[in-house]
Amino acid sequence: MRDLAPPLAARRARGLYRGRRVLAGPTAPEVSLDGRVVLNFCSNDYLGLANHPAVVEAFVAAARRDGVGAGAAHLVTGHRFAHHALEEELAAFLGRPRALLFSSGYMANLGAVGALFGRQDVVYEDRLNHASLLDAAEYAGAKLIRYPHADVAALAERLSTAPAGGERVVVSDGVFSMDGDIAPLAELAAMAKRYGAWLVVDDAHGIGVLGDGRGSLAHCGVGMEDAPILVGTLGKALGTMGAFVAGSEALIETLIQEARTYIYTTATPPALAEATRVALRLVTEEGWRRAHLQGLIARLRMGMQGLGLPLSNSTTPIQPLILGTVARAVAASEMLLARGILVTAIRPPTVPEGGARLRITLSAAHTTEQVDRLVETLAEVLI
Ligand SMILES: *Cc1c(COP(=O)(O)O)cnc(C)c1O
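Last residue of the sequence shown: 1014 (our numbering), numbering continuous.
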């Protein structure tokens, strides 16, 4: 048995040791950390729904009625009215025939890619795709070919020289989770079509935020014919937990038969689905949340530009401030925290070497005053 301590010590020495902060209270702009209230700029609760009274109330009422655990997997006895209704509502919202719930985005990606592709197939992935998408290709046993970030010409070159035989699939984040930029989805779709490849889009950070809430595909005007497999998560803008795949009748029925991360796991609590149904209704009805969020994004970017800080080309609530070295990113994060502002430093291997950063995320629950305070504090810490 190998000794686990030396690698941990080495990791600590490189400043790459990962630890957890213990927070108290709901997901909100102000959170309680070690008994102190701090301003939170690192949740993915983009629309401020995680602690919305109507979402909470739906969860509590459903738990009182239906209990907590679903008791079994969907194909046994775990599939309840609430799950089924949420799937139908998600499908209708996205304009796709069917949607299938998964317990998490990680499981949806593994399940979908693993069910549809295998050893004889080739998966083309953006270098900055989420870890779960890269893992999904490996899990499927497919040949994985990566292409430089958002580089459609480089993808085309790889598609044109790839070995024949088997299926080919282009896989991309809709919005890149550490950079916030939107994938060139129309161009990716055109390229996939040209080479007879599938297109899988993981829109964890686009659903609820872009395209009137319908996500990055709607934002880019790409429909189901060109992007047949859409993965979305519920733990970000929808403020709850879980994920879904949306697509054709045949796609969803195939996943029900074959996706192992769907079949061999307990269904999520029905109350969670009831809460998500309310969140989805709020996504549809309360467009002001997206409008306010866009205002905050513009305000933060203007503030950062005024300070001469490097701006990314993100137009989404993910606004990375790339500082380069791990030491610089960690020091900035600590100095912000000392001033009551929580922004986590993101380090390799989550981001490329030399790309350590503060990953600032905004929420519709933030006020303009809170964003102004962030900008003022960034000035104190970095200028
Ligand atoms: C967060 C995220 C996931 C994982 O979703 P979970 O529901 O948290 O497991 C998958 N893909 C992307 C792009 C993500 O950002």
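No residue lacks a Cβ here, since even glycine has one placed at the ideal position from N, Cα and C. Fair warning: this is a prediction, and the values are worked out from it, not measured in the lab.
Limits of the alpha helix (DSSP H) - the one that residue i falls within
i	result
Asp1003	Thr999 to Leu1013
Val707	Unbroken run through Val707: none, as it is neither H nor E.
Asp697	Pro684 to Asp697
Phe724	Phe712 to Leu725
Beta-bridge partners of residue i, as assigned by DSSP
i	result
Pro951	Arg990
Glu661	Leu670
Glu756	Arg777 and Val802
Val832	Ser803 and Leu861
Residue i CB to nearest heavy atom of ligand 1 below 6 Å
i	result
Thr871	no
Ala768	no
Asp812	no
Thr899	no
His761	yes
Ala689	no
Ser735	yes
Thr864	yes
Asp757	no
Ala746	no
Ala962	no
Asp833	yes
Ala874	yes
Ser803	no
6 Å CB neighbourhood of residue i in its chain, flanking five on each side removed
i	result
Ser663	Ala655 and Gly656
Ala995	Leu678, Gly679, Arg920, His923 and Leu924
Arg799	Val753 and Ala828
For residue i, the first and last residue of its enclosing beta strand (DSSP E)
i	result
Ala877	Ala874 to Gly878
Leu861	Ile860 to Thr864
Tyr778	Lys774 to Tyr778
Asp766	Unbroken run through Asp766 is the alpha helix (DSSP H), Ala762 to Ala771; no beta strand (DSSP E).
Asp804	Arg799 to Asp804
Arg729	Arg729 to Phe733
Between the CA atoms of residue j and residue i - distance to the nearest angstrom
i	j	result
Phe875	Pro638	37 Å
Thr956	Pro980	12 Å
Thr1008	Gly666	21 Å
Leu647	Thr992	22 Å
Leu786	Leu989	29 Å
Ala768	Ile776	9 Å
Leu952	Ser945	11 Å
Leu725	Glu1011	44 Å
Gly986	Asp766	22 Å
is_contact[residue i, chain C] using C-beta, thresh 7 Å
i	result
Pro983	Any reference to chain C falls outside this structure, which holds one protein chain only.
Near ligand 3: residue i beta-carbon under 6 Å from a heavy atom
i	result
Ser945	Summarising the ligand content, the structure contains ligand 1 and does not contain ligand 3.
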